[in-house]
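Just so we're aligned, residue 1 is where the sequence shown starts under UniProt numbering, counting upward by one.
Just so you know, even glycine gets a beta-carbon here, dropped at the ideal spot from N, CA and C.
To start, the structure under review is shown below, and the notes come after it.
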Amino acid sequence: MAKSKSALSKRVLSAWTPTPKDPYLWDGHLHGFGVRRNSNGTTTALLGYRNKYGQRRRYKVGRITDTYTITQARDDADDLLTDIGRGADPLGEKQSTRNALNIDQLLDAYLESAKFAGKAESTQYMDKSRIKRHLRPLLGPVKVEQLSRDKVRRLFSDIRDGKTATVEKTSKKRGKARVTGGESVARSSVKLLSAIFTWAIEEGLATENPCKGVNVGQSGVREAILETPEQYKSLFDALDRMQVSNIDPDDPGEVTPIPDAAANAIRVLAFTGARKSEITEARWSWVNIDAGTLTVPPKSHKSGHITGKPKVIPLPSPARAVIESLTRHGEDDFVFPATRGGGGISLPSKMWIQIRKEAGLPDGITNHSLRHSLGTIMAVQGAEAAQIMAALGHSQLSTTQRYIHIARDARAAMVEKYTAGIAAAISPTAEVVDIKKARK
């Protein structure tokens, strides 16, 4: 293991290049004090020691950041060594606290953590919903160390089978929220629990992840997408018919009206492949028509809490045309405002039921389907992974690869279709027709 010749400092850490096999660097003066460079690039200060029973321990002093420096961590480690010399066992004390935790308390700690605070608002909303409606009711009193893989499997089956399904009142007048079960909800809830345990292990609140090794399966069903220009035309024609400003109030017919803001937001989603919240929560200050961009602040997009950078969404000509047709208000006003109250426009699933019916689109087409539709069409037409990543704002190549795989399947199906006639010509049972005779 690498050891510095001097005390660890900001300068020493900047000059240090760890290796995957040896990510540790130990202080040259303070015995047992060192750091570990994690695979994600963060640096954690550690203290190795023996307790009064001679057991070897390694205690996490803290994560090195701009506000918690290596010098502060070294001072804290020095204080801990003084306590250890008097018989204290900081890791043992932390483990005792951990053993007393139940899942309810662990969830509370997660919701108050920097990890949760750094997530996008839309992700926070979904995390809170899954915690409140599924994880707490089924696991709340269970001790952290007593949660087994079998209990996680039971959690999955209980949510899937609807044991947490209910109807809740919302803050809106006569508002109701239907909490459903199903395999998709169960899968996402277990994945969230797994992520919480991964965080808990890093914080010393758990020793293992009981979700690891639990097979929750794949959806097994390809998500519905718009695959042809004709389907896009059907969608846009339906939006034109349903847009409330296009409906004659004296003769509404049988069309279910939707707000103009909703119709326009869906059009922009289709043209940009953006995430729903990036469009429905968009402010006029984000829009630059001349540059053809929509710049989403770090706190308002999915990976912003990781990168700390804004996300720039390209606005192709049709999307710009939609936005230019709107009346521009204050810089902090929503581009697509809700019809009642504050906030951005809502695009609920019940609205999409009416849109799919009016457009004759397959079940499963939703706001997010428009994002996958654009990515898939780009891949089928030969766009490279880097181009799709840039267009959809992916932060990881693995996310983009799904479109490449779908495109490969689509091309294979196309080749299969158009080579069927050739295959028939060389089949032993195929009837060979003379072209000249066929023309007569």
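| Limits of the unbroken alpha helix (DSSP H) element including Phe116 | According to the DSSP assignment, Phe116 belongs to the alpha helix (DSSP H) that extends over 114-117.
What residue range does the beta strand (DSSP E) around Ala45 cover? From DSSP, the beta strand (DSSP E) with Ala45 extends over 43-50.
Check: What do you get for Arg328, buried or exposed, if any count of 16 or more other CB atoms within 10 angstroms of its CB means buried?
Finding: By the neighbour-count rule (16 or more Cβ atoms within 10 Å), Arg328 is not buried but exposed.
Look at the alpha carbon of Ile247 and the alpha carbon of Arg356, and state the distance between them as a whole number of angstroms. Taking the straight line from one Cα to the other gives about 18 Å.
Mapping DSSP to helix, strand and coil, what is Arg56?
Of the three classes helix, strand and coil, the one that applies to Arg56 here is strand, per DSSP.
Tell me whether Met126 is buried or exposed, calling it buried when 16 or more other Cβ atoms sit within 10 Å of its Cβ. Around the beta carbon of Met126, a 10 Å sphere encloses fewer than 16 other beta carbons of the protein chains shown; the residue is thus reported as exposed.
With a Cβ-Cβ cutoff of 7 Å, do Pro257 and Val244 count as a contact? In contact: Pro257 and Val244 (Cβ atoms closer than 7 Å).
- Message: Across the region 56-63 and the region 2-21, are there enough close Cβ pairs to call them in contact, namely three or more that are closer than 8 Å?
- Response: Of all C-beta pairs linking the region 56-63 to the region 2-21, fewer than three are shorter than 8 Å, placing the two stretches out of contact.
* Would you report the Cα separation of Lys417 and Asp332, rounded to the nearest angstrom? -> Caution is warranted here: a pLDDT of 46 is assigned to Lys417, below 50, making its placement in the model unreliable, and the coordinate value is therefore given only provisionally. Spanning the two alpha carbons is a distance of roughly 52 Å.
Q) Alpha carbon to alpha carbon, what distance is there between Pro252 and Lys163? A) Cα to Cα, the separation comes out at about 42 Å.
What are the boundary residues of the alpha helix (DSSP H) that Lys233 is part of?
Lys233 -> alpha helix (DSSP H) spans 229-242.
If you reduce the DSSP assignment to three classes, tell me which class Lys10 lands in.
Reduced to three states, the DSSP call for Lys10 is helix.
| query | Around the C-beta of Arg37, are 16 or more other C-beta atoms found within 10 angstroms, so that it is buried, or is it exposed? | reply | Taking all protein chains shown into account, Arg37 has 16 or more neighbouring C-beta atoms within 10 Å of its C-beta and is therefore buried.
Fill in: CA nearest to the CA of Ala2, picked from Lys10, Gly34, Ser9, Ser113
Checking every option, the nearest Cα to that of Ala2 belongs to Gly34.
**Request:** For Lys10, collect the residues of the same chain with a Cβ closer than 7 Å to its Cβ; drop the 5 residues on either side in sequence, then sort them by chain order.
**Result:** Closer than 7 Å at the Cβ level, and outside the excluded window around Lys10, lie Thr69, Ile70.
Length of the line joining the Cα atoms of Leu107 and Ile196:
Straight-line Cα distance between these residues: approximately 8 Å.
Practice item. Flag this pair as yes or no: are the beta carbons of Val296 and Lys311 separated by less than 7 Å? Key: The answer is yes: Cβ separation under 7 Å.
Discussion item. Rounded to the nearest angstrom, what separates residue 447 and Leu25 at their Cα positions?
Written reply: No information on residue 447 is available, as it lies outside the stretch 1 to 440 that the chain covers here.
Next on the checklist: So, for Val287: in the same chain, excluding its five sequence neighbours on each side, which residues have a beta-carbon less than 7 Å away from its beta-carbon?
Outcome noted: Exclusion of the five residues before and after Val287 leaves Leu294, Ile323, Val335 as the residues of its chain whose Cβ lies within less than 7 Å of its Cβ.
field: Alpha carbon of Pro137 to alpha carbon of Ser113, nearest angstrom
entry: CA-to-CA, the gap between Pro137 and Ser113 works out to about 21 Å.
Arg408 versus Thr366: straight-line alpha-carbon distance, rounded | The predicted position of Arg408 is uncertain, since its pLDDT is 49 and thus under 50; a value taken from the coordinates is nonetheless stated next. Distance between the alpha carbons of Arg408 and Thr366 is about 23 Å.
Please classify Pro90: does DSSP put it in a helix, a strand, or coil?
Looking at Pro90 - three-state DSSP - the assignment turns out to be helix.
message: Buried or exposed for Arg56, going by 16 or more other Cβ atoms inside 10 Å?
response: Its Cβ having fewer than 16 others within 10 Å, Arg56 is exposed.
**Q.** Rounded distance between the beta-carbons of Gly32 and Leu91, thought under 8 Å
**A.** 12 Å between Cβ atoms; not a contact.
message = For Thr207 and Ala109, what's the separation of their Cα atoms in angstroms?
response = Their Cα atoms are separated by approximately 16 Å.
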